[in-house]
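Numbering-wise (our numbering), the sequence shown opens with residue 520 and increments by one. Just so it is clear, CB atoms sit at the ideal spot from N, CA and C, and this is done for glycine as well. None of these values were measured; they are calculated from a predicted model.
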Amino acid sequence: MKASGVTGGGGGTARRTSLGFTGRTKELDATVEALRHGPSVVLIEGAAGVGKSRLLDEAAASVDDTGLQILRGWCHPLREPLPFGPAIDALRQARPPEDRAATLSPATALLAAQVPELAEWLPEPGDESPDHARARLTHAIHGVLAALGPVLLAIEDVHWADEATRELLLLLARNTPADLRLVLTYRRHDLPAHGNVLGAPYRRPIGTHGLDLTLRPLDRSQVTELATHVIGARHAEALAPQLFERSGGLPLVVEEDLRVVADRLTRTHGAEPLAVLEDADVPRALQEAIGSRVATLPPPGVAVVQGAAVLAVPAGEDLLAELAGLEEDQAEEALEAALDASVLEESGPDRYAFHHTLARQAVYERISGPRRRRLHRRAIQALQAQNPPPLVQIAYHARQLGDPALWLPHTERAARHAVEVGDDGTAADQLRQLLHESSLPTESRTWAAVELSRIAARSADPAATIERLARIVADPALPRAVRGEIRLNLGRALINNHSPDFAEQLSRAVDELEDDQPEKAAIALASLGVGSWLGRTREQDVADMERAVNLLSRADDPVARATVSASRITLLGILGDPDGDRLLDELLDQDTGDDLEVLRQHCRALHNAAFDAFLRGRDDKAAGWLDKTEALAEHIGDHQATRHCGMLRLRIEIAQGRRNSLTDDIDSLLQRSSNAAFQTDLMLVQAKLDTARGRWSDARRHALACTTDPQEAGDYFEGTADVARVDLAKGDPEAGWRVLQPALDALRHRNVWVRQSGLVPVAVQAGLATGHRAEAEELVERASAGAAGCDAPAAQAEILLCRGLLAADSDPRAAADLLERARLDFAAIPRPYQAAQAVEHAGRVLLAAEPAVAARYVKEALDAFTGLEAVADAARCQRILREAGRHRPTLRSRHSYGTDLSPREQQVADLLATGATNKDIAQALALSVRTAEHHVASVLKKLGTTRDAITTST
């Protein structure tokens, strides 16, 4: 949902917002519904920063086109408030009704002095007695609001309202003018002692609409969604836990943090978002709110709150009492005071903490330096007495004292324990703390660097560690073998981070490791020769893999053996070498015991074998291996592998023409995913779906995103093919041919031809359409030679398709036979979309020589495309049949859709939503431009909208 500014009816302007509006859809819908008809009273309760004003902004924007005047006023925490101040401020934004004949009581003349903007409309003031002035002014405001017509009067922060304003609001709520929508926002914890927002119990009169709404903080997923709008999915997923912890889900705090992070990322290249977030200050408004609550506490209550701020984690009453230096009875009373003031909350049985991290930080920053140090020392003593002692917490308090001689041993102890129990996140945090300290002893620095590199190598998002590791490997004081292991892990982390620098690091690691640690050198070589990388040749991959296997003969390391075997199986799968199946069976037959890392490599081998089998058109093998991968991933708790399996299953089912439950949610998945590999897979899937549906601008955008920073060869070739396919569909084969050239050069350089990427068929079509027949023929011959003898039915089917296209001009019948064979081979895999394309091509080449057979082929393709919801392809087949005189319109009477969209109009509406022009729509649906214009006009008329609006709303 988009943010919007709201302007009051008389020119007053509410604050403008710039971040996405997230997590409040139901609340917004309910509020807007309550405001549609008067009289209405809406009460919105929530903590400071929870989004009351923002919800009101959005609701006001949603009803702004209904003729409502939107008037807003704010209450302020002044010691001597101005009576009726918020209502007077709001009325100054009002404009008199166009029909000024509305009857106003003489009492309304009292407002002329306070609201000069309405003086010309108000009655002339008379000689009024000063007696009961406040009561008469109350009735004057009520009378003016009744005469203004439809009005939304919003008074915010009513917990700070003075007595007079509260009485006025109670009058308006109990006797609401017919066209008034009254909205009040407030914080329950800051209400006067009686706890009533209007000063007395309130119940809406019969006939008055309304809503009582309590806004809760955002949950973790909503914070992630909000962050995605601002800093992108990758940073958002990494920062979401810290954003949520700091803010407690308060949107105001999240937005302030996000603005700081976004600004720093824009201005400082290479800034680490987490570090930026940790350095961010507490927002001023939150500081003031927390400070005012703490100021009401008695001294023991302040001591307990300060102790909680220093501890930084939920703590029990005894520990808080020990830090605060209080006896049991004193501590209980102090804790109750802190809870009553809503400074602390009960987060669990005998666990007390702040509502969110920034509240704790606001209190912590106001503790004097000497007292902070004393409290941290007490915390260390108290925590060391626990069994077992919380090592990470003790290390934290030691670091706050600032003495490396004290905190380094504690932090190393915490790091070693985290490594032992396999807690990579905690271990990485402690290790980074150690490595940041220049006085860390050499032995400890070496150990910490190696362990951190191992964690980075298996991390899905190692960006936070890569730069630090790059600095570490540049240290000449490191032993050669240690540097080599760190460099190996750095290279693997760079692969996970989709950085092209991995190859250099892995190559140097081989040189540094080969003599003393051959098993690790073998892993580096296998990572280089795995067969996936764009800049390498088939021959280089095979040579590096053979060298890795030879190095293993000098070592006896089961993890290294499993790692190299998994990479070797991956390479053989990419090359279409049947020997890969045998090696996979041998790997799975080995006794692994309970070695988790060996099992992870088995899982990787299975998944990669399934993925490569799918790309070669061996879906039968892919399905079996995929089932085994999922079972093993579940057994060992490898959630990353489970996600990869889900993505592969999505791709297989869509390729086979089956509708996956995620098909309609790909855009949402793209927003939520921060993993580059998942995003690439999703964009490739979306590009194919968009192309078939005629959404060519979206298709080209998604496909092009997979080619802008090429590293993985298969993704680059497939994405380039999809871009060129869109250019061909739009009637621009020259653009398609130009796009294809770098990818074709890279394909020839790699010399691997067994994966079905669609690159060769689209290159042949573009080459024939642009007069590059010789290049197309040469390409097909190379592909045929490269796929010969390989287990690659999809590539073989593509080659048959290409040979049919090349033969079309000289021998249409032979071409049709080749295309029919391609269709049967694609159908056997199954690849129904490619099979339909092949039979359509067969129909096209026979149109002149055998029109009846050609029509039958094209009708088969039409039926297939229709079943696959390939709108653009089906429309193209319909046009071929029309132009050939073979299209037979139905004899049924034309259905009248009235104000509903017809199926064709729905297709047009879908394309309009992507920003398609009339020409784009005509091309996608195989219509004339004039017919497309007619459909567009009909769609916009039925929907009651404009072209810009339908695009923006979507």
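Can you check whether the CB of Ala1222 is closer than 8 Å to the CB of Val1204?
Taking the sequence shown and counting its residues from 1, the one referred to as residue 1204 is at position 685. Taking the sequence shown and counting its residues from 1, the one referred to as residue 1222 is at position 703. Not in contact: Val1204 and Ala1222 (Cβ atoms no closer than 8 Å).
Proximity winner among Val1377, Pro1351, Ala1368, relative to Gly1362 (alpha-carbon distances)
Counting from one through the sequence shown, the residue named residue 1362 turns up at place 843. Considering only alpha carbons, the answer is Val1377.
Report back the beta-carbon spacing between Arg951 and Leu971 to the nearest angstrom; my notes put them in contact at under 8 Å.
Taking the sequence shown and counting its residues from 1, the one referred to as residue 951 is at position 432. Taking the sequence shown and counting its residues from 1, the one referred to as residue 971 is at position 452. Yes, they are in contact, since the Cβ atoms of Arg951 and Leu971 sit about 7 Å apart, within 8 Å.
Could you compute how far the alpha carbon of Arg1398 sits from the alpha carbon of Ala1371?
The residue given as residue 1398 occupies position 879 in the sequence shown. The residue given as residue 1371 occupies position 852 in the sequence shown. So the alpha carbons of these two residues sit roughly 16 Å apart.
For Arg591, which of helix, strand or coil comes out of DSSP?
For this step, residue 591 is matched to residue 72 along the sequence shown. Of the three classes helix, strand and coil, the one that applies to Arg591 here is strand, per DSSP.
Ala1456 (DSSP reduced to helix, strand or coil):
On the sequence shown, residue 1456 is found 937 positions in, with the first residue counted as 1. Three-state result, Ala1456: helix.
Backbone secondary structure at Thr733 - three-state DSSP:
Taking the first residue of the sequence shown as 1, we reach residue 733 at position 214. Reduced to three states, the DSSP call for Thr733 is strand.
What does the Cβ neighbour count give for Gln1260, buried or exposed, with the cut at 16 atoms within 10 Å?
Here the question's residue 1260 lines up with position 741 in the sequence shown. Gln1260 should be labelled exposed.
By how many angstroms is the C-alpha of Val969 removed from the C-alpha of Pro1252?
Here residue 1252 corresponds to residue number 733 of the sequence shown, with the count starting at 1. Here residue 969 corresponds to residue number 450 of the sequence shown, with the count starting at 1. Near 53 Å, if we compare the C-alpha coordinates of Val969 and Pro1252.
On a Cα-Cα basis, can you pick out the residue from Ala1041, Ser1276, Leu1263 that is closest to Asp1200?
Locating residue 1200 in the sequence shown gives position 681, counting from the first residue. Cα-wise, what sits closest to Asp1200 is Ser1276.
Can you round the beta-carbon distance between Asp943 and Ile991 to whole angstroms, since I take them to be within the 8 Å contact cut?
Against the sequence shown, residue 943 aligns to sequence position 424. Against the sequence shown, residue 991 aligns to sequence position 472. Not quite, the Cβ-Cβ distance comes to about 18 Å (not below 8 Å), so this is no contact.
Could you give the residue range of the beta strand (DSSP E) that holds Thr704?
Translated into positions along the sequence shown, residue 704 becomes position 185. 699-705 is the span of the beta strand (DSSP E), which, as asked, contains Thr704.
Give me the Cβ distance between Gly1238 and Cys1225, rounded to the nearest whole Å; I'm assuming they're in contact under 8 Å.
Locating residue 1238 in the sequence shown gives position 719, where the first residue counts as 1. Locating residue 1225 in the sequence shown gives position 706, where the first residue counts as 1. Rounded, the Cβ-Cβ distance is 3 Å, consistent with contact.
Per-residue burial, Ile1318 [other beta carbons within 10 Å of its own, 16 or more giving buried]:
Walking along the sequence shown from the start, residue 1318 turns up at place 799. With 16 or more other Cβ atoms within 10 Å, it is buried.
How do the region 1337-1345 and the region 1154-1171 stand: do at least 3 beta-carbon pairs fall below 8 Å, yes or no?
no
Suppose you measure from the CA of Ile1348 to the CA of Ala1314; what does that come to, to the nearest Å?
Position 829 of the sequence shown, counting from 1, holds the residue named residue 1348. Position 795 of the sequence shown, counting from 1, holds the residue named residue 1314. If you take the alpha carbons of Ile1348 and Ala1314, they lie about 11 Å apart.
Using 8 Å as the Cβ pair cut-off and three pairs as the minimum, do the region 1083-1091 and the region 1124-1144 touch?
yes
Please state the DSSP three-state secondary structure of Thr532.
For the purposes of this step, residue 532 is taken as residue 13 along the sequence shown, with counting starting at 1. Since pLDDT at Thr532 reaches only 29, below the 50 mark, its modelled position is unreliable, and the value read off the structure follows with that caveat. The answer is strand: DSSP assigns Thr532 an E or B state.
Identify, in the order they occur along the chain, each residue of the same chain with its Cβ nearer than 8 Å to the Cβ of Ser1412, setting aside the five sequence neighbours on each side.
Taking the sequence shown and counting its residues from 1, the one referred to as residue 1412 is at position 893. Bear in mind that the predicted position of Ser1412 carries a pLDDT of just 44, short of 50, making it too unreliable to give a figure here.
Which runs of the alpha helix (DSSP H) spanning at least 4 residues fall entirely within the region 980-1009, listed in chain order?
982-992
Nearest-angstrom Cα distance between Leu910 and Tyr883?
Taking the sequence shown and counting its residues from 1, the one referred to as residue 910 is at position 391. Taking the sequence shown and counting its residues from 1, the one referred to as residue 883 is at position 364. Between Leu910 and Tyr883, the C-alpha separation is close to 22 Å.
Please report the distance separating the alpha-carbon of Asp1114 from that of Glu865.
Numbered from its first residue, the sequence shown carries residue 1114 at position 595. Numbered from its first residue, the sequence shown carries residue 865 at position 346. Asp1114 and Glu865: Cα-Cα distance of roughly 42 Å.
Under the assumption that Val824 contacts Val813 (Cβ atoms under 8 Å), give the Cβ distance between them as a whole number of angstroms.
Stepping through the sequence shown from its first residue, residue 824 is reached at position 305. Stepping through the sequence shown from its first residue, residue 813 is reached at position 294. About 6 Å separates the two Cβ atoms, so the contact holds.
According to DSSP, simplified to helix, strand and coil, what is Ser1329?
Position 810 of the sequence shown, counted from the first residue, corresponds to residue 1329. If DSSP states are grouped into helix, strand and coil, Ser1329 belongs with coil.
Which residue comes first and which comes last in the beta strand (DSSP E) that contains Ser957?
For the purposes of this step, residue 957 is taken as the residue at position 438 of the sequence shown. Element bounds for Ser957: n/a, residue is neither H nor E.
For Ala1490, which residues from the same chain have a beta carbon less than 7 Å from its beta carbon, with the 5 sequence-adjacent residues on both sides left out?
The structure shown does not extend to residue 1490, since the chain spans only 520 to 1473, so no value can be given for it.
So for Val1372, helix, strand or coil by DSSP?
By 1-based counting over the sequence shown, the position of residue 1372 is 853. Reduced to three states, the DSSP call for Val1372 is helix.
Residues near Arg891 by beta carbon distance below 8 Å, same chain, minus five either side
In the sequence shown, the residue the question calls residue 891 occupies position 372. So the list reads Val829, Tyr883, Gln919, once near-sequence residues are dropped.
Separation of Pro770 from Leu664, as counted between CA atoms:
In the sequence shown, the residue the question calls residue 664 occupies position 145. In the sequence shown, the residue the question calls residue 770 occupies position 251. The alpha-carbon atoms of Leu664 and Pro770 are separated by roughly 33 Å.
In or out: Asp922 buried (at least 16 other Cβ within 10 Å) or exposed?
To locate residue 922, count along the sequence shown from 1; it is residue 403. Counting Cβ neighbours within 10 Å, Asp922 comes out exposed, since fewer than 16 surround it.
What are the boundary residues of the alpha helix (DSSP H) that includes Val1245?
The count along the sequence shown starts at 1 and reaches residue 1245 at position 726. Element bounds for Val1245: 1232-1248.
Between the region 573-584 and the region 747-760, are three or more C-beta pairs nearer than 8 Å?
no
Which same chain residues, not among the five before or five after Arg874, have their C-beta less than 7 Å away from its C-beta?
Along the sequence shown, read from residue 1 onward, the residue named residue 874 stands at position 355. Looking at the sequence provided, one finds His at residue 874 rather than Arg. Cβ within range, chain order: Gly767, Glu864.
I need the DSSP call for Ser1072, collapsed to helix, strand or coil.
The sequence position of residue 1072 within the sequence shown is 553, counting from 1. Looking at Ser1072 - three-state DSSP - the assignment turns out to be coil, as it is neither helix nor strand.
Check for me: the beta strand (DSSP E) holding Tyr871 runs from which residue to which?
Here residue 871 refers to the residue found at position 352 when the sequence shown is read from its first residue. That run of the beta strand (DSSP E) goes 870-873.
Residue from Ala606, Gly726, Ala692 with nearest C-alpha to Asp681
Counting from one through the sequence shown, the residue named residue 681 turns up at place 162. Looking at the Cα atoms, Ala606 is the closest of the given residues.
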